[in-house]
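>
Protein chains: 2
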Amino acid sequence: MSRPPYHHGNLRAAVLEAAERLLDQDGPSALSLRGIAREAGVSATAPAHHFGDLSGLLSDLAAIGFQRLAETIRRATTDPTPRAPVHAYVRFAQDNPGLYTLMFRSDRLDYRRESLAAASQASWAVLLRSVGSEARMPAESDLATLGQVTFRWSLLHGFCTLLLDGQLRPLLANPACNGDPHVLLDVMVPPPAPVRPGPVPIPTRPPSP
Amino acid sequence: MSRPPYHHGNLRAAVLEAAERLLDQDGPSALSLRGIAREAGVSATAPAHHFGDLSGLLSDLAAIGFQRLAETIRRATTDPTPRAPVHAYVRFAQDNPGLYTLMFRSDRLDYRRESLAAASQASWAVLLRSVGSEARMPAESDLATLGQVTFRWSLLHGFCTLLLDGQLRPLLANPACNGDPHVLLDVMVPPPAPVRPGPVPIPTRPPSP
DNA sequence: CTTTTATCTTTACAATGTAAAGATTGATGT
DNA sequence: ACATCAATCTTTACATTGTAAAGATAAAAG
Numbered sequence: 001m002s003r004p005p006y007h008h009g010n011l012r013a014a015v016l017e018a019a020e021r022l023l024d025q026d027g028p029s030a031l032s033l034r035g036i037a038r039e040a041g042v043s044a045t046a047p048a049h050h051f052g053d054l055s056g057l058l059s060d061l062a063a064i065g066f067q068r069l070a071e072t073i074r075r076a077t078t079d080p081t082p083r084a085p086v087h088a089y090v091r092f093a094q095d096n097p098g099l100y101t102l103m104f105r106s107d108r109l110d111y112r113r114e115s116l117a118a119a120s121q122a123s124w125a126v127l128l129r130s131v132g133s134e135a136r137m138p139a140e141s142d143l144a145t146l147g148q149v150t151f152r153w154s155l156l157h158g159f160c161t162l163l164l165d166g167q168l169r170p171l172l173a174n175p176a177c178n179g180d181p182h183v184l185l186d187v188m189v190p191p192p193a194p195v196r197p198g199p200v201p202i203p204t205r206p207p208s209p
Numbered sequence: 001m002s003r004p005p006y007h008h009g010n011l012r013a014a015v016l017e018a019a020e021r022l023l024d025q026d027g028p029s030a031l032s033l034r035g036i037a038r039e040a041g042v043s044a045t046a047p048a049h050h051f052g053d054l055s056g057l058l059s060d061l062a063a064i065g066f067q068r069l070a071e072t073i074r075r076a077t078t079d080p081t082p083r084a085p086v087h088a089y090v091r092f093a094q095d096n097p098g099l100y101t102l103m104f105r106s107d108r109l110d111y112r113r114e115s116l117a118a119a120s121q122a123s124w125a126v127l128l129r130s131v132g133s134e135a136r137m138p139a140e141s142d143l144a145t146l147g148q149v150t151f152r153w154s155l156l157h158g159f160c161t162l163l164l165d166g167q168l169r170p171l172l173a174n175p176a177c178n179g180d181p182h183v184l185l186d187v188m189v190p191p192p193a194p195v196r197p198g199p200v201p202i203p204t205r206p207p208s209p
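Taken in sequence, the protein lines are chains Z and B. In case it helps, the UniProt record's numbering puts the first sequence at residues 1 to 209. In case it helps, the UniProt record's numbering puts the second sequence at residues 1 to 209.
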């Protein structure tokens, strides 16, 4: 009857895996420090020694999510199909709904954390390159490039958020969509321009009422 | 020394007001049933008799948010400036960050609730009209219209979500933006097409790898 | 072999959601 | 006017959570 050893060995990784398991099963709101510890088979307060507190744990998990998302996009940009990154982005959100939701739930995360800040910044670099910019940080880009990046990310992130939130269900129920979000995605993404960018005319700001 | 009367009178409205007060102060994650009751000056379990449980209360609050957002857009569409609805939408999110965030936090809401379902559906009608459709439900629209609606809402919702989440901070730090999200919004929103819609060419779906 | 340090457990406490039962008041019917 | 009822609010109770503090265990260091 050998009980598990007092020292786990690499509890840190085990906890992150347990957390993701629960995340996939029950969604981000079900992630509790105690529940994760239970899933990992250790005492309730063990994870705190590795992550500080709950927001620390979730931040490290979100950081992993950002890394994977960046890698997914980076790989899709090598695909000759112009829309491949778009579909890859949405597919990532579909395949990892809990993780994607967690990544943008800022009230449960701590962006001062090294791991999360670095991963988030790395995603920026990938995004900038996807619109043809050579800048690594948004602060170094011109306004037109910022507009393109903001456009791409807002459109995709908005679509994914609405999709995962169930807000697009009434649309997907339309027979023309056949329940497939990617059909909707294809009629939504503007056909030519923003994927392979040239310089974009900058409209002037209309006067506010 | 007259203590407050045993029967409040219209506790329901008072609780919703107290909840919004806390929402504005401390954000959506700080909304607790007990805290709201405390703010309203009643016992901890009093709100439950009016809203069932916490998700019921938050759902009714989110429903109010959807009503106000729909009204804001509806009013902005009468403005001759083509981009007025766009800026009005973002300004609504800026002015009510907590409420806007709550409206799309589906894990804390109950969409089966009559109030929330109705308010959400009413927003659809306004959105459909904003792209020139006469349909009242997304199920009755053609695919091109669905694409336009999805485009507008995804772009705006994504922008607002990223903005409120602080994800756009690196962009806004760029001197060209001067810290004003509406500058970014103007260079992001594609100049002519999707605001005043005509028929849009429907691209075919590229084959998935 | 002793001491130190990292790792994990136990214990403890305040806060939360919610169920159950009791108290208070306004409304209803005769 | 008075009894009864139903609606509204409070009290009490319990399981669960995050986290701090102190103790136990084992690996590493000297």
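Glycine included, every Cβ here is placed at the ideal spot set by N, Cα and C.
(1) Pop quiz: L57(Z) and V15(Z) are said to be a contact at Cβ under 8 Å. What is the actual Cβ separation, rounded to whole angstroms?
(2) Can you tell me whether H8(Z) is helix, strand or coil according to DSSP?
(3) How should H87(Z) be labelled, buried or exposed, when 16 other C-beta atoms within 10 angstroms of its C-beta is the threshold for buried?
(4) Say whether chain Z places a C-beta atom closer than 7 Å to the C-beta of S59(B).
(5) Can you tell me the Cα-Cα spacing of R38(Z) and A46(Z), whole angstroms?
(6) Cα-Cα, which of S43(Z), D24(Z), V183(Z) and L61(Z) is closest to residue 212(Z)?
(7) Ends of the alpha helix (DSSP H) at F51(B)?
(8) Is there at least one Cβ from chain B nearer than 7 Å to P170(Z)'s Cβ?
(9) Three-state secondary structure (DSSP) at I202(B)?
(10) Is M188(Z) closer than 7 Å to G147(B) when the C-beta atoms are compared?
(11) What's the C-alpha gap between A135(Z) and V90(Z)?
(12) For a minimum of 4 consecutive residues, which ranges assigned as the alpha helix (DSSP H) are wholly contained in the stretch 22 to 76 of chain B?
(13) Closer than 7 Å by C-beta to N101(Z): which residues in its own chain qualify, once you throw out the five before and the five after it? Chain order, please.
(14) Taking the CB atoms as reference points, tell me whether G158(B) and S154(Z) lie closer together than 7 Å.
(15) For a contact meaning CB atoms closer than 8 Å, what does L184(Z) contact in chain B?
(16) What span of residues does the alpha helix (DSSP H) with T161(Z) cover, start to end?
(17) Any idea what DSSP makes of G98(Z), helix, strand or coil?
(18) Chain B partners of F104(Z), CB-CB under 9 Å?
(19) Short check: CB of S115(B) to CB of A63(B), under 7 Å?
(20) Could you tell me which of P4(B), P5(B), G41(B) and H8(B) sits nearest to A19(B), measuring between CA atoms?
(21) Got a sec? Which residues, its chain only, sit under 6 Å from P206(B) by beta carbon, not counting five neighbours each side?
(22) Hey, would you say S32(Z) sits closer than 7 Å to D110(Z), going by beta carbons?
(23) Determine, using beta carbons only, whether P138(Z) comes closer than 7 Å to chain B.
(24) Quick one, which residues of the UniProt domain "HTH tetR-type" (9 to 69) of chain B are near chain Z if we go by CB-CB under 8 Å, in chain order?
(25) Can you give me the C-alpha to C-alpha distance between A44(B) and F104(B), rounded to a whole angstrom?
(26) Going along the chain, which residues of its own chain have a beta-carbon closer than 8 Å to the beta-carbon of L127(Z), five neighbours each way excluded?
(27) Given a threshold of 16 other Cβ atoms within 10 Å of its Cβ, counted over all protein chains shown, does G65(B) qualify as buried or as exposed?
(28) Counting C-beta neighbours from all protein chains within 10 Å, is the total for P181(B) 16 or more, i.e. buried, or is it exposed?
(29) Taking L23(B) as the reference, which of L184(B), D95(B) and T145(B) has the closest Cα?
(30) Using CA atoms only, rank isn't needed, just tell me which of M137(B), R129(B), V131(B) and G132(B) is closest to A118(B).
(31) Exposed or buried, A76(Z), counting other C-beta atoms within 10 Å across all chains shown (16 or more means buried)?
(32) Residues of chain B with CB under 9 Å from L143(Z), in chain order?
(33) Going straight from the alpha carbon of H50(B) to that of E71(B), what length do you get?
(34) Mind pulling the chain B residues with CB within less than 9 Å of H157(Z)?
(35) Compute the distance between the beta-carbons of S141(Z) and S133(Z), then report whether it is under 7 Å.
In terms of the structure at hand:
(1) Yes, L57(Z) and V15(Z) are in contact; Cβ-Cβ is about 7 Å, under 8 Å.
(2) Assignment of H8(Z) by DSSP, reduced to helix, strand and coil, places it in the coil class.
(3) Buried, since its Cβ has 16 or more Cβ neighbours within 10 Å.
(4) By this cut-off, S59(B) is not an interface position.
(5) The alpha-carbon of R38(Z) is positioned some 10 Å away from that of A46(Z).
(6) The requested residue 212(Z) does not occur in the structure, where chain Z is confined to residues 1 to 209.
(7) Counting along the chain, the alpha helix (DSSP H) containing F51(B) begins and ends at A48 to F51.
(8) Look at P170(Z): its C-beta is under 7 Å from a C-beta on chain B.
(9) Low local confidence applies: a pLDDT of 39 at I202(B) is under 50, so the model's placement there is unreliable, with the coordinate-based value given in what follows. Looking at I202(B) - three-state DSSP - the assignment turns out to be coil, as it is neither helix nor strand.
(10) For G147(B) and M188(Z), yes; Cβs fall inside 7 Å.
(11) The alpha-carbon atoms of A135(Z) and V90(Z) are separated by roughly 25 Å.
(12) Complete alpha helix (DSSP H) runs here, min 4: 33 to 40, 48 to 51 and 54 to 76.
(13) The question names Asn, but residue 101(Z) in the sequence shown is Thr. Residues P28 and L164 of the same chain have their beta carbon placed closer than 7 Å to that of T101(Z), with the five preceding and five following residues left out of the count.
(14) Their beta carbons are under 7 Å apart, which means G158(B) touches S154(Z) by this criterion.
(15) Per Cβ cutoff of 8 Å: L146, G147 and T150.
(16) Going by DSSP, T161(Z) is part of the alpha helix (DSSP H) stretching over L143 to D165.
(17) When secondary structure is reduced to three states using DSSP, G98(Z) falls in the helix class.
(18) The CB of F104(Z) comes closer than 9 Å to the CB of T161, L162, D165 and Q167 in chain B, given here in chain order.
(19) It is a contact, given that the beta carbons lie within the stated cut-off.
(20) Answer by Cα proximity: G41(B).
(21) Low confidence applies here, because P206(B) scores a pLDDT of 41, under 50, leaving its location unreliable; read the following figure in that light. Nothing listed; no residue qualifies.
(22) In this structure, D110(Z) does not lie closer than 7 Å to S32(Z) by Cβ.
(23) Under the Cβ distance rule, P138(Z) counts among the residues neighbouring chain B, one pair being separated by less than 7 Å.
(24) Result list: G27, P28 and S29.
(25) Looking at the backbone, the Cα of A44(B) and that of F104(B) are separated by about 26 Å.
(26) Taking L127(Z) as the centre and dropping the five residues before and after it, the same chain places the C-beta of I73, V149, R152 and W153 closer than 8 Å to its C-beta, in chain order.
(27) Buried, by the Cβ-count rule.
(28) Looking at its Cβ environment, which holds 16 or more other Cβ atoms inside 10 Å, P181(B) is buried.
(29) With distances taken between Cα atoms, L23(B) lies closest to D95(B).
(30) Closest by alpha carbon: M137(B).
(31) Sixteen is the threshold: when 16 or more other Cβ atoms of the shown chains lie within 10 Å of the Cβ of A76(Z), as they do, the residue is buried.
(32) Ordered by position in chain B, the residues that pass the 9 Å Cβ test against L143(Z) are N174, A176, C177, V183, L184 and V187.
(33) Spanning the two alpha carbons is a distance of roughly 26 Å.
(34) Under the 9 Å cutoff, chain B gives S154, H157, G158, F159, T161, L162 and Q167.
(35) In this structure, S133(Z) lies closer than 7 Å to S141(Z) by Cβ.
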